[in-house]
Amino acid sequence: MDSWLGLTARVLLGLVFVASGTLKAAAPAEEFALVIESYGLVSSRDLILVMSAFLPWLEVVFGYALLFGFLTRLSAAAIGGMVASFATAILYTILKGIRLPNCGCFGFGFTPTPHQELAMNGLYAVCAVQALRRGAGRLSLDAWCKTGGPTGRT
Amino acid sequence: MLPRSPLARRLWAASAVLLASVVSVKALRGSIKPYAPEAPSYRQKGEAGAPVVIVEFSDLQCPACRFAVGPVKDLLKLYGRDVRLIFKHVPLNQHKLAVPAAVAAECAGRQGRFWEFHDLAYEKQLDWSPVPPPGQAEAPPPDQEAARKAFVSYAKKLGLDPAAFSACLQDPAAAALVEKDRQEADQRWVLSTPTFFINGRRLVGARQLSEGGVPWIDKILKKH
Numbered sequence: 457m458d459s460w461l462g463l464t465a466r467v468l469l470g471l472v473f474v475a476s477g478t479l480k481a482a483a484p485a486e487e488f489a490l491v492i493e494s495y496g497l498v499s500s501r502d503l504i505l506v507m508s509a510f511l512p513w514l515e516v517v518f519g520y521a522l523l524f525g526f527l528t529r530l531s532a533a534a535i536g537g538m539v540a541s542f543a544t545a546i547l548y549t550i551l552k553g554i555r556l557p558n559c560g561c562f563g564f565g566f567t568p569t570p571h572q573e574l575a576m577n578g579l580y581a582v583c584a585v586q587a588l589r590r591g592a593g594r595l596s597l598d599a600w601c602k603t604g605g606p607t608g609r610t
Numbered sequence: 008m009l010p011r012s013p014l015a016r017r018l019w020a021a022s023a024v025l026l027a028s029v030v031s032v033k034a035l036r037g038s039i040k041p042y043a044p045e046a047p048s049y050r051q052k053g054e055a056g057a058p059v060v061i062v063e064f065s066d067l068q069c070p071a072c073r074f075a076v077g078p079v080k081d082l083l084k085l086y087g088r089d090v091r092l093i094f095k096h097v098p099l100n101q102h103k104l105a106v107p108a109a110v111a112a113e114c115a116g117r118q119g120r121f122w123e124f125h126d127l128a129y130e131k132q133l134d135w136s137p138v139p140p141p142g143q144a145e146a147p148p149p150d151q152e153a154a155r156k157a158f159v160s161y162a163k164k165l166g167l168d169p170a171a172f173s174a175c176l177q178d179p180a181a182a183a184l185v186e187k188d189r190q191e192a193d194q195r196w197v198l199s200t201p202t203f204f205i206n207g208r209r210l211v212g213a214r215q216l217s218e219g220g221v222p223w224i225d226k227i228l229k230k231h
């Protein structure tokens, strides 16, 4: 039961991050840079451009790593860190009364409200904690690397 | 065929994760076709052979586009004959008065006053485009008729033929030009307004234009 819970958590969270990261990474970086600007948390233009170029790729790579169960705990921790920082940024805009044209969460395909996004981040955090606690479990590349078969357990 | 040692398997797994990432992003990104911007002559400013071409994708109802009017004018003033500006309409779906405003600007363009109408529509944007009342998140529903009257009054103020202007507002050819620009924006992955292409380089929003426009144009002119 525990291993199925871990598997469900990492697959769900992995899919969410693969989708959100891919939508942003495929779009021009300047578009995501505009979204980062609108949060008002980072003022350096160079840093904004670096973030807009690399952050979506981090989401995609760690999303796939979690989905496939590769370096599962590290990936879950990285994604948990991203979830915490996204939630903090959204909370900041709510407290400051900043109206975002687009939260930038899923590129430009889906634009939830800040409160919806906070609730979704809470759900992602629960999944990240589950994946972190339970590790790779069944049907993972980590298990395959250790025991020699894709259905093995760690 | 699959590797047997743990290290080789880890390397194989890492490669699979990276490959999946690159393939999914590349597949979604597709390809962007080479760009030869075209627009009616009344939507172009500056010398035809200018070494710097700024293509602006804007929405007349978008507040962020209104804030970009000043920086664009500053660039035109700073670089004079070296710069040509081409305006493209991108009426965003959430702006219900953006298409009528773009059509009205086209109609002003037919009478040779596109840029004057463009400036006036942005200057008076808060009059014809409803904004949320203080303390409320939602704007009142758009009033198409009030907006139409406002555009006709701007046309009169600019000395345009009011009958021709009003007839043009119903002309499908004017709306078709706006739609053509919108399709071009989709092909170019223009997702936000205002988006600028300065000799192909994308800058999104007034801030990116203000901070990145001058260094980029200087670089182009240095090479020219």
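Chains as they are written, first to last, in the working numbering: chain W, 457 to 610; chain A, 8 to 231.
We put the beta carbon where it would ideally sit given N, CA and C, even for glycine.
Name the two residues that bound the continuous beta strand (DSSP E) containing residue i.
i	result
residue 96 of chain A	90-96
residue 54 of chain A	Taken as a continuous stretch (DSSP letters only), residue 54 of chain A belongs to no beta strand (DSSP E), as it is neither H nor E.
residue 210 of chain A	208-211
residue 60 of chain A	59-65
residue 202 of chain A	202-205
By alpha-carbon positions, which one of the options ends up nearest to residue i?
i	options	result
residue 126 of chain A	A:103, A:172, A:77	A:77
residue 474 of chain W	W:503, W:465, W:521	W:521
residue 580 of chain W	W:518, W:461, W:539	W:539
residue 207 of chain A	W:524, W:499, W:466, W:484	W:484
residue 468 of chain W	W:577, W:571, W:570	W:577
residue 172 of chain A	A:121, A:33, A:67, A:36	A:121
residue 88 of chain A	A:95, A:36, A:59	A:59
residue 532 of chain W	W:465, W:549, W:505, W:461	W:465
residue 108 of chain A	A:129, A:86, A:204	A:129
residue 561 of chain W	W:500, W:523, W:527, W:495	W:495
residue 160 of chain A	A:124, A:179, A:181	A:124
residue 534 of chain W	W:584, W:572, W:462, W:556	W:584
residue 547 of chain W	W:597, W:572, W:525	W:572
Between residue i and residue j, what straight-line distance do the alpha-carbon atoms span, to the nearest angstrom?
i	j	result
residue 591 of chain W	residue 183 of chain A	56 Å
residue 608 of chain W	residue 595 of chain W	Any reading at residue 608 of chain W must be qualified, since the residue scores a pLDDT of 45, below 50, and its modelled position is unreliable; the value itself is stated next. Answer to the nearest angstrom: the Cα atoms are 7 Å apart.
residue 610 of chain W	residue 30 of chain A	In this prediction, residue 610 of chain W scores a pLDDT of 41, lower than 50, which makes its location untrustworthy; the coordinate-derived value is nonetheless stated afterwards. Each residue's alpha carbon lies about 29 Å from the other.
residue 56 of chain A	residue 529 of chain W	58 Å
residue 19 of chain A	residue 25 of chain A	10 Å
residue 224 of chain A	residue 83 of chain A	11 Å
residue 147 of chain A	residue 601 of chain W	59 Å
residue 497 of chain W	residue 11 of chain A	48 Å
residue 45 of chain A	residue 509 of chain W	30 Å
residue 489 of chain W	residue 67 of chain A	22 Å
residue 72 of chain A	residue 195 of chain A	18 Å
residue 482 of chain W	residue 131 of chain A	36 Å
residue 170 of chain A	residue 176 of chain A	10 Å
residue 191 of chain A	residue 28 of chain A	28 Å
residue 117 of chain A	residue 150 of chain A	25 Å
residue 492 of chain W	residue 504 of chain W	7 Å
residue 536 of chain W	residue 119 of chain A	57 Å
residue 622 of chain W	residue 22 of chain A	A query on residue 622 of chain W cannot be resolved here, the shown segment of chain W reaching from 457 to 610 and no further.
residue 231 of chain A	residue 188 of chain A	29 Å
Going by DSSP, what residue range makes up the alpha helix (DSSP H) through residue i?
i	result
residue 490 of chain W	485-495
residue 12 of chain A	Careful: residue 12 of chain A lies outside any alpha helix (DSSP H) and carries neither H nor E.
residue 75 of chain A	70-86
Looking at residue j and residue i, is the spacing between their C-beta atoms short of 8 Å?
i	j	result
residue 154 of chain A	residue 104 of chain A	yes
residue 574 of chain W	residue 543 of chain W	yes
residue 219 of chain A	residue 228 of chain A	no
residue 111 of chain A	residue 167 of chain A	no
residue 157 of chain A	residue 135 of chain A	yes
residue 94 of chain A	residue 48 of chain A	no
residue 470 of chain W	residue 513 of chain W	no
residue 85 of chain A	residue 51 of chain A	no
residue 459 of chain W	residue 553 of chain W	no
residue 472 of chain W	residue 32 of chain A	no
residue 61 of chain A	residue 97 of chain A	no
residue 198 of chain A	residue 487 of chain W	yes
residue 202 of chain A	residue 69 of chain A	no
residue 461 of chain W	residue 524 of chain W	no
residue 185 of chain A	residue 106 of chain A	yes
Measuring only from the beta carbon, is residue i closer than 7 Å to any heavy atom that is part of the ligand MN?
i	result
residue 31 of chain A	Inclusion of the ligand MN in the displayed structure is not the case, the ligand content being empty and no account of it being possible.
Discussion item. Please give the ranges of any beta strand (DSSP E) in the region 97-179 of chain A, keeping only runs that are unbroken, at least 3 residues long and fully inside the region.
Written reply: none
query: Could you give the uninterrupted runs of the alpha helix (DSSP H) lying entirely in the region 525-581 of chain W, keeping only those of 4 residues or more?
result: 528-552
Whole alpha helix (DSSP H) elements within the region 497-521 of chain W, 4-residue minimum = Taken in chain order, the whole alpha helix (DSSP H) runs of length 4 or more contained in the region 497-521 of chain W number zero.
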